[in-house]
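Read the structure below first, then the notes.
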Amino acid sequence: MSAPSLVVKFWGVRGTIPAPGPDTLRYGGNTACVSLQLGAVATIILDAGTGIRVLGKQLAAHDAPIYLLISHKHWDHIQGFPSFPPIYQPARRITLLPALDAQMARALLTQMDGVHFPVRGRDLPSLRLRSWRAGVRELAGLGLTVTRIAVNHPGGAFGYKLTYQERTVAYLTDNELGAPPQIRVNTPAAFAAFCQGADLLIHDAQYLPQDMPAKRGWGHSILPHVLEMAATAQVQHLVLFHHDPDRSDDELDRIQAQARAWLSQHAPAIQCTVAYEGLTFAW
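Oh and the sequence shown: position 99 is 99 in the numbering used here, straight run, nothing missing.
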């Protein structure tokens with residue numbers, strides 16, 4: 001059998017802060033990081049939470065180019081970057097994409113200031129930045145198309161849609177579908193249109209209805225809103241992502257059962273999985 005052309009793997013699935021401990025062993029306690037392996041051609045990394053450290057140990061043994069896309073500047077999406085081994089390999093080609101927002105790229109490097117981390121970002125040997133001003137970006141030579149959309153999150157954030165060899169992965173982390181006006185930049189209908197028919201939709205589902213209204217406006221969706229949007233978008237597989245650090249494995253089991261029960265009644269064609277470290281999809 002030939003090797004798969006696209007492999008999606010989850011290395012960190014938590015939001016807000018790492019959550020190690022006996023109650024999170026099965027789903028994992030690392031913060032957000034997802035990789036897309038394009039055969040032997042390149043690795044695309046979505047976010048640089050603490051999960052990127054283990055991914056980096058694997059990638060350090062190979063020399064394929066790495067492209068890093070950051071959704072936004074909050075700590076749980078950048079805090080693993082200084083511990084990503086490939087950035088210390090002198091001959092390594094690592095592209096920070098986007099530098100669509102120069103501040104977003106700068107957030108990765110300024111945490112490495114010689115005070116908060118012993119190595120300075122300016123001393124890293126392997127990085128380069130690419131600008132991105134348009135809504136769609138084609139990575140030359142990779143056959144990969146990347147589209148971005150602004151999501152509903154304090155401080156601003158982006159979601160991404162990546163299409164490779166007729167497979168589409170949508171990544172909408174840190175997105176509050178029921179956002180109040182002060183952080184709302186797009187509607188659930190716009191997000192559904194963005195990821196319409198995607199093979200894989202990775203979406204923030206950090207909260208449950210009982211977490212509201214105390215956490216409304218924090219930039220994270222409640223489960224029912226995510227299920228409704230996925231059903232409208234008619235995606236193939238929904239992955240619930242960015243788990244609350246206080247959510248135990250047993251609680252996530254119950255969320256998965258609840259989500260699958262709702263989908264079986266309202267959108268039976270959609271598969272659903274609660275993200276866990278090591279979860280892998282291959283085509």
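Every residue, glycine too, gets a C-beta built ideally from N, C-alpha and C.
Given the structure is predicted, the values throughout are model-derived calculations rather than measurements.
| Asked | Found |
| --- | --- |
| Exposure of Gly51, with buried meaning 16 or more beta-carbon neighbours within 10 Å | buried |
| Backbone CA spacing between Asp204 and Pro18 [nearest angstrom] | 16 Å |
| Within 7 Å, strictly: CB atoms of Ser5 and Gln236 | no |
| Exposure of Gln37, with buried meaning 16 or more beta-carbon neighbours within 10 Å | buried |
| Supposed contact pair Ala60 and Val41 - C-beta distance, whole angstroms, cut 8 Å | Not confirmed; about 18 Å, so no contact. |
| Residue closest to Cys195, alpha-carbon to alpha-carbon, out of Gln234, Tyr27, Met112 and Arg92 | Gln234 |
| Backbone secondary structure at Phe10 - three-state DSSP | strand |
| The alpha helix (DSSP H) enclosing Thr286, as first and last residue numbers | As displayed, the chain neither begins before 1 nor continues past 283, which places residue 286 out of reach and without an answer. |
| Own chain partners of Ile183 with C-beta closer than 8 Å, once the 5 adjacent residues on each side are dropped | Asn152, His153, Pro154, Glu176, Gly217 and Gly219 |
| Coarse secondary structure for Thr147, derived from DSSP in three states | strand |
| Endpoints, alpha helix (DSSP H) assigned at Asp249 | Asp249 to His266 |
| Simplified DSSP state of Thr173, which is helix, strand or coil | coil |
| Three-way DSSP call (helix, strand, coil) for Leu201 in this model | strand |
| Secondary structure of Gln271, DSSP reduced to three states | strand |
| Which of helix, strand or coil DSSP assigns to Asp63 | coil |
| Cβ shell of Arg122 (< 8 Å), same chain only, five flanking positions each side left out | Leu109 |
| Spatially closest choice to Tyr27 from Ala282, Leu240 and Trp262, by CA coordinates | Leu240 |
| Ile87 beta carbon less than 7 Å from that of Ile66 | no |
| Alpha-carbon spacing of Lys215 relative to Pro90, whole angstroms | 44 Å |
| Residues near Arg92 by beta carbon distance below 6 Å, same chain, minus five either side | Pro86 and Ser126 |
| Backbone CA spacing between Ile255 and Arg14 [nearest angstrom] | 15 Å |
| Backbone secondary structure at Leu124 - three-state DSSP | coil |
| Whether Arg53 touches Gly80 by CB criterion (7 Å) | yes |
| Cβ pair Ala290, Cys272 closer than 7 Å | Only positions 1 to 283 of the chain appear in this structure, which leaves residue 290 out of reach. |
| Cβ separation of Val285 and Leu172, assumed to be a contact under 8 Å, to the nearest whole Å | Outside the displayed span of the chain (1 to 283) sits residue 285, for which this structure offers no information. |
| Cβ neighbours of Phe117 in the same chain (closer than 8 Å, five flanking residues each side left out) | Pro82 and Gln111 |
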